[in-house]
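One structure below.
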Ligand code: SF4
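Numbering (our numbering), first residue to last: 2 to 402.
Quick look at the structure:
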């Protein structure tokens, strides 16, 4: 698998894009995780992976989206983004996840990427606004990878994303990325209406034929203003997805990303481990994208490093959720999320101002932690990568496996 995947990447990705990925993400990304681990030992938490939602606006209306896509635009201005990224870089970070809304609706996105040639950006996008010109501009810069979300077949895509001809328009943007020889990924939020089509060997083969280099399987989170619990996976489907991913990683010449398991197959929460936190479209510092409450903002004059490392709210969220679950505290224990929000007097970061009512309407449900069975990685590359750079970093010491 490794040889065919690497030769495919070497043949189809622009050399500047490859160099930037290898150095800014590969080497410097690994270094930032080592720094994170060192700081943890000293009791200081600064996430090596920062996810920034740079605006709320989007051209689609996906089922279960927790972002205020219909509200008037809130976008983080370039100066604030630069100040934040420069401060994070000054403390060893080099990787930044860029989300929205739809990031390509932000007029300064390419300027942002251009102004940080020493960093690496993963852009979470629906792909529909990626023109040939935009893709070629990203190629020239070399330090960004588009992660294009596909949520189902043509019919399911229209239904899931609340628009017409969604899949074709997304595939057009995806093709522009591949034609521009960008390192390109496809993400799917697995749910009941797309698991049979997209959690399949034939879908992975289609992605490989298209020239896609990696794929990321998220699991649908039933949260937000219009919660669709019927879309959420059952525990059996969660295990089915885990097993499929582990098997396909050892077979298919396509890289497969997940954020919820370590090398031994034990579940984890990226927020609880502290490896990542989220910044909302108004600059609010949130434990993770679906916990839409905060006590701090990136506009704080102290700078993002001081703000993060001194946040009692983030600290309590990490430690309390790690005491209760290896899974998703929002899904499994919305009551604990509410308690922490009230305890710290955290404010609702949404424009719609209904986050607490949404939380109170939630009933506990299973998440990625299926206690009965851990499915360990099969392929040595993923075992090593997770063993050293992506695991629970020992935060679940008070919780039996
Ligand atoms: S709280 Fe849930 S959604 Fe947030 S990072 Fe953890 S597992 Fe993911």
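Each residue gets a CB set at the ideal place from its N, CA and C atoms; glycine is no exception. None of the values given here were measured: they were computed from a predicted structure.
Quick one: what does DSSP say residue 287 is sitting in, helix, strand or coil? For the purposes of this step, residue 287 is taken as the residue at position 286 of the chain shown. Strand, per DSSP.
Using the three-state DSSP reduction, which class does residue 60 fall into: helix, strand or coil? Residue mapping note: residue 60 aligns to position 59 of the chain shown, counting from 1. The answer is coil: DSSP assigns residue 60 none of H, G, I, E or B.
Going by the DSSP bridge assignment, what does residue 147 pair with across the sheet? The sequence position of residue 147 within the chain shown is 146, counting from 1. Per DSSP, 124.
Please confirm whether any heavy atom of the ligand SF4 lies closer than 7 Å to the CB of residue 363. Numbered from 1 along the chain shown, position 362 holds the residue referred to as residue 363. No, since every heavy atom of the ligand SF4 falls outside the 7 Å radius drawn around the Cβ of residue 363.
Excluding the five sequence neighbours on either side, which residues of its own chain have a C-beta within less than 7 Å of the C-beta of residue 341, listed in chain order? As a position in the chain shown, residue 341 is number 340, starting the count at 1. Cβ neighbours of residue 341 beyond the five flanking positions: 317, 318, 321.
Suppose the cutoff is 8 Å on Cβ atoms and the five residues either side in sequence are ignored; what does the same chain contact list for residue 8 look like? Reading the chain shown from its first residue, position 7 is the one you call residue 8. Same-chain partners within the cutoff: there are none.
Closer than 8 Å is the cut-off here; do at least three beta carbon pairs connect the region 42-55 with the region 150-160? no
Contact set for residue 220: own chain, Cβ-Cβ below 6 Å, skip 5 residues either direction: Locating residue 220 in the chain shown gives position 219, where the first residue counts as 1. Cβ within range, chain order: 191, 234.
For residue 99, which beta-bridge partners are listed by DSSP? The sequence position of residue 99 within the chain shown is 98, counting from 1. Residue 99 pairs with 53, 124.
Straight-line gap, residue 87 to residue 277 (C-alpha atoms, nearest Å): Walking along the chain shown from the start, residue 87 turns up at place 86. Walking along the chain shown from the start, residue 277 turns up at place 276. Taking the straight line joining both Cα atoms gives about 17 Å.
How would you label residue 381, buried or exposed, when you count the other beta carbons within 10 angstroms and need 16 or more for buried? Taking the chain shown and counting its residues from 1, one reaches residue 381 at position 380. Label assigned to residue 381: exposed.
Tell me whether residue 228 counts as near the ligand SF4, meaning its Cβ is closer than 7 Å to at least one heavy atom of that ligand. As a first step, residue 228 must be located in the chain shown, where it is residue number 227. Not under cutoff, so the answer is no.
Roughly how many whole angstroms lie between the Cα atoms of residue 345 and residue 338? If you number the chain shown from 1, residue 345 lands on position 344. If you number the chain shown from 1, residue 338 lands on position 337. Each residue's alpha carbon lies about 11 Å from the other.
If you count every other CB in all the chains shown that lies within 10 Å of the CB of residue 23, and 16 or more means buried, which is it? As a first step, residue 23 is located in the chain shown; it is residue number 22 there, counting from the start. With fewer than 16 other Cβ atoms within 10 Å, it is exposed.
For residue 28, I'd like the list of residues in its chain whose CB is within less than 6 Å of its CB, leaving aside the five on either flank, ordered along the chain. Counted from its first residue, the chain shown places residue 28 at position 27. So the list is empty, once near-sequence residues are dropped.
What residue range is occupied by the uninterrupted alpha helix (DSSP H) comprising residue 322? As a working mapping, residue 322 is identified with position 321 in the chain shown. 313-325 is the extent of the alpha helix (DSSP H) around residue 322.
Tell me the rounded alpha-carbon separation between residue 180 and residue 272. For the purposes of this step, residue 180 is taken as the residue at position 179 of the chain shown. For the purposes of this step, residue 272 is taken as the residue at position 271 of the chain shown. Cα to Cα, the separation comes out at about 35 Å.
Suppose you measure from the CA of residue 15 to the CA of residue 217; what does that come to, to the nearest Å? Indexing the chain shown from 1 puts residue 15 at position 14. Indexing the chain shown from 1 puts residue 217 at position 216. About 21 Å.
Taking contact to mean 3 or more Cβ pairs, one atom from each stretch, closer than 8 Å, check whether the region 248-259 and the region 356-364 are in contact. no
Locate the beta strand (DSSP E) running through residue 188, then write down its first and last residues. The sequence position of residue 188 within the chain shown is 187, counting from 1. Run containing residue 188: 186-191, per the beta strand (DSSP E) assignment.
Have a look at residue 38 and residue 397 and give me their C-alpha separation to the nearest angstrom. The residue labelled residue 38 in the question sits at position 37 within the chain shown. The residue labelled residue 397 in the question sits at position 396 within the chain shown. Their backbone Cα atoms lie some 15 Å apart in a straight line.
Residue 32: which of 142, 120, 146, 137 sits nearest, CA to CA? Taking the chain shown and counting its residues from 1, one reaches residue 32 at position 31. That would be 120, whose Cα lies nearest to the Cα of residue 32.
Short Cβ contact (8 Å threshold) for residue 327 with residue 270: Taking the first residue of the chain shown as position 1, residue 327 is located at position 326. Taking the first residue of the chain shown as position 1, residue 270 is located at position 269. Yes, Cβ-Cβ distance for residue 327 and residue 270 is below 8 Å.
Test item: CB-CB of residue 243 and residue 385 under 8 Å: The residue given as residue 243 occupies position 242 in the chain shown. The residue given as residue 385 occupies position 384 in the chain shown. In this structure, residue 385 does not lie closer than 8 Å to residue 243 by Cβ.
Based on the DSSP secondary-structure assignment, which residues constitute the bridge partners of residue 277? The residue you call residue 277 lines up with position 276 of the chain shown. BP columns for residue 277 point to 50.
Looking only at its chain, what residues have a beta carbon closer than 8 Å to the beta carbon of residue 183, apart from the 5 residues adjacent to it on each side? Against the chain shown, residue 183 aligns to sequence position 182. Closer than 8 Å at the Cβ level, and outside the excluded window around residue 183, lie 14, 15, 18, 136, 139, 140, 145, 146, 147.
Identify, in the order they occur along the chain, each residue of the same chain with its Cβ nearer than 7 Å to the Cβ of residue 204, setting aside the five sequence neighbours on each side. To locate residue 204, count along the chain shown from 1; it is residue 203. Excluding sequence neighbours, residue 204 sits near 198.
Residue burial classification, residue 97 (beta-carbon count within 10 angstroms, cutoff 16): Locating residue 97 in the chain shown gives position 96, where the first residue counts as 1. Flag for residue 97 reads buried.
The ligand SF4 heavy atoms versus the CB of residue 303: any closer than 7 Å? Within the chain shown, numbered from 1, the residue matching residue 303 stands at position 302. No - the ligand SF4 has no heavy atom lying nearer than 7 Å to the Cβ of residue 303.
Is residue 257 helix, strand or coil by DSSP? Here residue 257 is taken as the residue at index 256 of the chain shown, counted from 1. Reduced to three states, the DSSP call for residue 257 is strand.
By the three-class DSSP mapping on this structure, what secondary structure does residue 393 have? Working through the chain shown from its first residue, we reach residue 393 at position 392. If DSSP states are grouped into helix, strand and coil, residue 393 belongs with coil.
Residue 70 versus residue 125 - alpha carbon distance: As a working note, residue 70 is residue 69 in the chain shown. As a working note, residue 125 is residue 124 in the chain shown. The alpha-carbon atoms of residue 70 and residue 125 are separated by roughly 15 Å.
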